[in-house]
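Single-structure report; data block below.
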Amino acid sequence: MPTPAPASASRTPATIYSKCASFSENSSSFRYAYLLGALEIYAIDPAESRLDLLPKKPGIRPLPMNAEAAREAIRAATGGKMLDVVFDVTGHPSVLAQATLLVKPFGRVVLLGDTSVPSQQTLGPNVVSDSVSILGIHALKNYREWDHPAMSELFLRYLIQGRMDIAPLIAGIRRWMRRKRTAW
């Protein structure tokens, strides 16, 4: 018999997007988007080695290129319709403006990475004309009981159920207790 979802799981701020992308060197955002039912996920990162950490699943499309090249690839793949949402997990100040150019009118850009130099961030030229929403997500803010304990609980449930595969994210295991114990 399946374990019922925690009360907080029914109030998560998750929305299933048909098409999304993420600028990231952290593949966790892709894993969550996939679990939440995104039809297509475009992973944008100029470092191809980081894209190798992505799950090899249908609908996850690695784009080992910069944002400008990715915009053309996404435009071609979506027939010019662009994306519903883009996640910026980099914290790099130049990514915000580039991310706004990847979403369709009324699309959303979600900032999961926080830049240390916010004065260097600029909005894209289409934010007002295309009614692009920009959402800043911060770890200390709680939204309808969606707090750190609820997020941790959801992650651990996914892990226990085998739906969250973290094996590709583990670079190595250190055996700290290899030495024989000796008396002082």
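Residue numbers (our numbering): 1 to 184.
C-beta atoms are modelled at their ideal positions from N, C-alpha and C, and glycine is treated no differently.
Buried versus exposed, by CB contacts within 10 Å (16 or more), residue i
{"i": "Leu-169", "result": "exposed"}
{"i": "Ala-33", "result": "buried"}
{"i": "Glu-72", "result": "exposed"}
{"i": "Leu-36", "result": "exposed"}
{"i": "Ala-67", "result": "buried"}
Cβ-Cβ separation, residue j to residue i (assumed contact under 8 Å), whole Å
{"i": "Thr-100", "j": "Val-132", "result": "5 Å"}
{"i": "Arg-31", "j": "Pro-55", "result": "6 Å"}
{"i": "Ile-44", "j": "Ala-70", "result": "5 Å"}
{"i": "Tyr-158", "j": "Met-151", "result": "Going by Cβ atoms, the distance from Tyr-158 to Met-151 rounds to 11 Å, so no, they are not a contact pair."}
{"i": "Lys-104", "j": "Met-82", "result": "4 Å"}
Contacts around residue i, its chain only, beta-carbon distance under 7 Å, and the 5 residues preceding and following it disregarded
{"i": "Thr-78", "result": "Lys-19"}
{"i": "Ile-74", "result": "Ala-21, Tyr-42, Met-82, Leu-83, Leu-102"}
Closest Cα partner of residue i within the set the options
{"i": "Pro-118", "options": "Asp-130, His-92, Glu-145", "result": "His-92"}
{"i": "Gln-120", "options": "Gln-161, Ile-44, Ser-94, Arg-157", "result": "Ser-94"}
{"i": "Pro-125", "options": "Gln-161, Ser-49, Leu-102", "result": "Leu-102"}
{"i": "Ala-167", "options": "Asp-52, Glu-48, Tyr-42, Leu-36", "result": "Asp-52"}
Same chain only: Cβ atoms within 8 Å of residue i, ignoring 5 sequence neighbours per side
{"i": "Leu-123", "result": "Leu-96, Ala-97, Thr-100, Ile-134"}
{"i": "Val-127", "result": "Thr-100, Ile-134"}
{"i": "Glu-48", "result": "Pro-62, Pro-64"}
Same chain, Cβ closer than 6 Å to residue i, five either side skipped, listed in chain order
{"i": "Ser-29", "result": "Ser-22, Phe-87, Val-89"}
{"i": "Glu-40", "result": "Lys-19, Gly-59"}
{"i": "Gly-136", "result": "Leu-111"}
Cβ of residue i within 7 Å of any chain C Cβ
{"i": "Leu-83", "result": "Any reference to chain C falls outside this structure, which holds one protein chain only."}
- Item | Any 3 or more C-beta pairs closer than 8 Å across the stretch 104-115 and the stretch 62-73 | no
- Would you check if the stretch 112-121 and the stretch 77-93 touch, i.e. whether three or more CB-CB distances between them fall below 8 Å? yes
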